[in-house]
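Worksheet for the structure shown next.
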Amino acid sequence: MFNYAPTLHNLASIYANKGKVDEAIALFKKSLEINNAVS
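Below you can see the structure in the form of structure tokens.
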């Protein structure tokens with residue numbers, strides 16, 4: 005399984021910087037879920 009958690013984290017940061025907080029939180033959570041599953 006490819007770990008694309010860092011990519012989601014980066015995308016979440018972009019959303020957060022643009023003020024799209026809800027979208028950012030969802031992506032941060034997904035990133036954490038994936039990171040925990042592959043480590």
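Under the working numbering, the first residue of the sequence shown is numbered 5, with each subsequent residue one higher. For each residue, glycine too, the CB sits at the ideal point set by N, CA and C.
query, result
"Range covered by the alpha helix (DSSP H) that runs through Asn-39", "25-42"
"Range covered by the alpha helix (DSSP H) that runs through Tyr-8", "Run containing Tyr-8: none; DSSP gives neither H nor E here."
"Supposed contact pair Ala-20 and Ala-9 - C-beta distance, whole angstroms, cut 8 Å", "Contact flag wrong, Cβ pair sits at about 16 Å."
"Beta carbon of Asn-14 nearer than 8 Å to that of Ile-38", "no"
"CA-to-CA distance, Lys-24 to Leu-31, given in whole angstroms", "11 Å"
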